[in-house]
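Asks: My numbering applies: residue 5 is where the sequence shown begins, and numbers increase by one.
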Amino acid sequence: MAIGLASIASPAPRLPHDVVDAASANDPRREPVRYWLTITLAVSTPLAATFAEPVEPTPTVTGGLMALHAPEAQAGPCIQPSERAAALHAADAASMLLGLDAAGSSLGADTRFPFYPQAGNLYSDIFHNNYVDLDPSSGILDWACEDHTYNGHLGHDSDLRTFSEQRIGVPVFAALPGVVVGVADGNFDERTSLTPAPANYVILDHSALDPGLRTLYWHLKNGSIAVALGESVEPGQQLGLTASSGFSSGPHLHFETQRNGLVFETMSGLCSPTNSSWATQWSKRREHYLRDFGFVRGVISGSYAPPTPFPRSRFTTNADSSISYWIQGHNLPRGSNWRMRFIRPSGALEFDTGARSFGFSTADFRSYWAWFNWNVPAMRSVFGEWTVEIDINAETAVVAKVTTAPSSTTPPNRPPYAVSGAFDPSEPADDDVIFFRLDADLVHDDPEYDVVSYRYQWFLDGAPIRDIVSAAHADAIPPLATFGGGAELVVRVTPSDADANGATTETTLSLGPTPCTAADFAEPYGIVDIADVVTFLQRFGAADPSADLAAPQGTIDIADVVAFLQLFGAGCA
Ligand SMILES: [Zn+2]
């Protein structure tokens, strides 16, 4: 075996974002350093006899890790100071004209944000990359005394995978009820560099709820702004779509919170010793995970990088002398290794790369992508469904089915896998924004590893209330009270790979009052009244197990009548 290490170059010139410098990993105030590693491994491995194919008595397997890159998505100040000043100045003027009581006391303010205002699941299909920089100096410090921010950052950045997801659409929602006091649209939204450009955005005033409270939503998609200046909005109402307009190098939402013009961090932690501003504060995800996978016929060029959509193929043929397998992931610790296995349609192992180092020992990657170019000769002669497995640090992260076929044929495309999901919260109150969150797998979402979109159709008592195609693994609707309430909420989710729809799954949530105590036997639920007495007596008479309210269990007797009367007397409270 011969391994040639062509070049390693790191660190690259400093950029205001991203990767950890291990030499100062214990210093939370260090400057972030962005590494750019370029590694070329050339491996030529004569196969053992057990791997030999009769038609190819001396096959060779060549390939290796071609590149490992830190991301450069959404680095930079996010909002240019000049744009920020102009936008807030205009918002002040709008607030005055709208008669909003924009100033207030921060004392005792205890507003809690019930959800993160973006479609998708945090640290899953959307990645929470940056928080507020709490270090007033040139250092960086996030709420947890770590470096998940960059110098001078004033909000939360939650990023999409690539422009593929942006183009399908990832909604941004109003976090709380409010009034639109700032809005901009019409600006280019696939920016990839940190240079001045105007953004599309929305600014909401929440002073009716919490005097002086504002929220900012930046970098939105051109033409997606769904609200107008002065408009009142409901929580969970769609404001626009996630994109990369303005000072931005990749699609993300910049969500910012201000009270009386001062930015505050909503997370509570060692370096942000306040109450959390979230009804339920999340944890940072720290373990390695993959956010996407795919393969492409041919060799990926070394200049390729997100947020450019990853190249994808649906199958390979005997004409493909090399296939590139790529991964996009998070939380890759220093010293990590990878391993790939190529398994024939018969289930027989064709080639195992063994564990190989990524080749870096001093950097942790919060976000990364890598690709592996491989030429496995048997894949050009043994047709069918191969299995390509990728391990990261001995954990299997990808079990990919890769269809190989003669170049004269085109294997049929298959639809994405069906998904299921759950309502969040599971038992919503009338004033709760309701999310529906999918359990879709980030890697194994489509048999050909296509980009998958999801159509969410929401119905309240049979009437459609929202219908949207989204790339996000979650969607939301405003509180039921804004629809006048209802008894049954239904959401249908249909995945699509642009050429074929997967199976639609339908999930139903029964709403309305539920029994408030064990004595609340009959409708209307939520109160105990004579109807409950009648129903209890009927069930008592019928020796129905539901009337068995007291010990001894299994016997319907006078003790159950006493228990019922006690519960009845106590009422619903
Ligand atoms: Zn930002």
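Each residue gets a CB set at the ideal place from its N, CA and C atoms; glycine is no exception. This structure is a prediction, so every number in the text was calculated from the model and none was measured.
Under 8 Å between the Cβ atoms of residue 437 and residue 239?
Replies: yes
Asks: Grab me the residues of residue 301's own chain with a C-beta within less than 7 Å of its C-beta, minus the 5 sequence neighbours each way, in chain order.
Replies: 317, 320, 324 and 327
Asks: Below 8 Å on the Cβ atoms is my guess for residue 404 versus residue 506; work out the distance and round it to an integer in Å.
Replies: 18 Å between Cβ atoms; not a contact.
Asks: Is any non-hydrogen atom of ligand 1 found closer than 7 Å to the C-beta of residue 151, if you look at the structure I gave you?
Replies: no
Asks: Closest by CA to residue 451, which one among 339, 488 and 501?
Replies: When each option's Cα is compared against that of residue 451, the closest is 501.
Asks: Around the C-beta of residue 548, are 16 or more other C-beta atoms found within 10 angstroms, so that it is buried, or is it exposed?
Replies: exposed
Asks: Which runs of the beta strand (DSSP E), 3 residues or longer, sit entirely within the stretch 366 to 438?
Replies: DSSP runs (the beta strand (DSSP E)) wholly in the stretch 366 to 438: 369 to 379, 388 to 396, 399 to 409 and 425 to 428.
Asks: Rounded to the nearest angstrom, what separates residue 4 and residue 424 at their Cα positions?
Replies: This structure cannot speak to residue 4, because the chain is shown only from 5 to 577.
Asks: Do we get a CB-CB distance below 8 Å when we pair residue 503 with the residues of chain D?
Replies: Although the question refers to chain D, the structure presented lacks it and comprises just one protein chain.
Asks: Should residue 161 be listed as close to ligand 1, given that the test is whether its C-beta is under 7 Å from any heavy atom?
Replies: yes
Asks: Where do the ends of the alpha helix (DSSP H) carrying residue 479 lie?
Replies: Premise fails: residue 479 lies in the beta strand (DSSP E), 478 to 481, not in any alpha helix (DSSP H).
Asks: Keeping to the same chain, check which residues put their C-beta closer than 6 Å to that of residue 262; ignore five residues upstream and five downstream.
Replies: 218
Asks: In three-state DSSP terms, what is residue 174?
Replies: Here residue 174 sits in coil by DSSP.
Asks: Leaving out the 5 sequence neighbours to the left and right, which residues in its chain are closer than 6 Å to residue 133 when beta-carbon positions are compared?
Replies: 161 and 163
Asks: Here's the rule: buried if 16 or more other CB atoms are within 10 angstroms of the residue's CB, otherwise exposed. What is residue 573?
Replies: By the neighbour-count rule (16 or more Cβ atoms within 10 Å), residue 573 is not buried but exposed.
Asks: Please name the residue in 546, 168 and 362 whose C-alpha comes closest to that of residue 344.
Replies: 362
Asks: What are the start and end residues of each continuous alpha helix (DSSP H) run of 4 or more residues lying completely inside the stretch 488 to 535, in chain order?
Replies: Fully enclosed alpha helix (DSSP H) runs of no fewer than 4 residues are not present anywhere in the stretch 488 to 535.
Asks: With a cut-off of 8 Å, do at least 3 Cβ pairs link the stretch 478 to 493 to the stretch 438 to 446?
Replies: yes
Asks: Report the rounded CA-to-CA distance for residue 311 versus residue 445, giving the unit in angstroms.
Replies: 21 Å
Asks: If I follow the unbroken beta strand (DSSP E) through residue 336, where does it start and stop?
Replies: 327 to 336
Asks: Mind checking who residue 459 pairs with in its DSSP beta bridge?
Replies: According to DSSP, which records beta bridges pairwise, residue 459 is partnered with 473 and 498.
Asks: In three-state DSSP terms, what is residue 85?
Replies: Three-state result, residue 85: helix.
Asks: Any contact of the stretch 387 to 405 with the stretch 339 to 357, i.e. 3+ C-beta pairs under 8 Å?
Replies: Counting Cβ pairs under 8 Å, three or more are found: they touch.
Asks: I need the straight-line Cα distance from residue 40 to residue 199, nearest angstrom please.
Replies: Reliability of the predicted coordinates at residue 40 is poor, the pLDDT of 31 falling under 50, and the value obtained from them is presented with this limitation in mind. Using only the alpha carbons, I get a separation of about 21 Å.
Asks: Assign residue 371 to one of two classes, buried (16 or more other C-beta atoms within 10 Å of its C-beta) or exposed (fewer than that).
Replies: buried
Asks: With a threshold of 7 Å (Cβ to nearest heavy atom), would residue 134 be considered close to ligand 1?
Replies: yes
Asks: Taking the beta strand (DSSP E) that residue 347 falls in, what are its first and last residues?
Replies: 341 to 347
Asks: At a cut-off of 7 Å, would you count residue 477 as near ligand 2, judging by its Cβ distance to the nearest heavy atom?
Replies: With respect to ligand 2, the structure offers nothing, as its ligand set consists of ligand 1.
Asks: Between the Cα of residue 266 and those of 313, 126, 92 and 560, spot the shortest distance and give me the residue it belongs to.
Replies: 92
Asks: What do you reckon, are the CB atoms on residue 206 and residue 474 nearer than 8 Å?
Replies: no
Asks: Name the one or two DSSP bridge partners that residue 260 has.
Replies: 220
Asks: I need the DSSP call for residue 93, collapsed to helix, strand or coil.
Replies: helix
Asks: Residue 304 by DSSP, collapsed to three states: which one?
Replies: coil
Asks: With hydrogens ignored, establish whether the beta-carbon of residue 292 is closer than 7 Å to any heavy atom of ligand 1.
Replies: no
Asks: Give the secondary structure of residue 101 by DSSP, where H, G and I count as helix, E and B as strand, and everything else as coil.
Replies: helix
Asks: How many angstroms separate the CA atom of residue 130 from the CA atom of residue 288?
Replies: 12 Å
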